[in-house]
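Beneath this line is the structure, given in structure tokens, with notes to follow.
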Amino acid sequence: MVSPVKKPTRFNFGHLSVLEKQCILNMYKQILSDTPQMKITTIVKKIADTAGVAKSTVYRTMKEYRETDRCCYTSTSSGGRPHIVATYNETTKKYVRQIIHNFFHNNELPTLDKILKEVQSRSDLPQMCRSDLHCIMR
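Under full-length UniProt numbering, the letters of the sequence shown match residues 1 to 138, in that order.
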């Protein structure tokens, strides 16, 4: 018994998962090994009907596999710009926390401007802007 074709809904439009791409490639390899004389267009139509995807999706998946010898692209990007918190070391963060606690010990309300003035007045801490300080405190 054949399982029913998965109809596209508003939830499963878009990119195929790695498992779905692997399934398409497995069907392609199986049909090609069973009947090597069958035309590619016939194979693609058969896979598209069975998997419930468009023929262009099958062609795109096969092209991706031929170009990379894998069923899915791997990201080679470095991930973009590092977060501002990563630029300051742990000792700087520790000193900022210490300054905030000193405000509480002096029974003062630590505002961002007060903390920034204190940080900028200390020579052992690097100079930072208000937005950097806000990111560190979060």
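Backbone N, C-alpha and C define an ideal beta-carbon position, used for all residues, glycine too.
Being a predicted model, the structure only gives us computed values, none of them experimental.
Rounded distance between the beta-carbons of residue j and residue i, thought under 8 angstroms
i: I43; j: L25; result: Contact doesn't hold; Cβ gap of about 12 angstroms is too wide.
Nearest-angstrom Cα separation, counted from residue j out to residue i
i: Y65; j: K21; result: 9 angstroms
i: S68; j: K45; result: As written in the sequence, residue 68 is Thr, which differs from the Ser given in the question. One C-alpha to the other measures close to 23 angstroms.
i: T91; j: H101; result: 15 angstroms
i: T41; j: R138; result: 57 angstroms
i: N106; j: K114; result: 13 angstroms
i: H15; j: D49; result: 18 angstroms
i: P110; j: F104; result: 7 angstroms
i: Q30; j: G80; result: 41 angstroms
i: C23; j: K93; result: 50 angstroms
i: E108; j: P82; result: 34 angstroms
i: N89; j: S121; result: 19 angstroms
i: R70; j: T87; result: 37 angstroms
Close-in-space but distant-in-sequence residues of the same chain around residue i (CB under 8 angstroms, 5 per side omitted)
i: S123; result: none
i: Q98; result: none
i: A54; result: A48
Same chain only: Cβ atoms within 7 angstroms of residue i, ignoring 5 sequence neighbours per side
i: S56; result: none
i: R130; result: L112 and L116
i: V85; result: C135 and I136
i: V119; result: V96, I99, L125, M128 and L133
i: Q37; result: none
i: Y59; result: V44
Buried or exposed (CB count within 10 angstroms, at least 16 for buried), residue i
i: I47; result: buried
i: V96; result: buried
i: residue 143; result: An answer regarding residue 143 cannot be provided, because it is not within the stretch 1 to 138 covered by the chain.
i: T61; result: buried
Close beta carbons around residue i, own chain, < 6 angstroms, minus the five adjacent residues each side
i: M27; result: I47
i: T35; result: none
key: beta strand (DSSP E) runs wholly inside the region 46-100, at least 3 long, in chain order   = none
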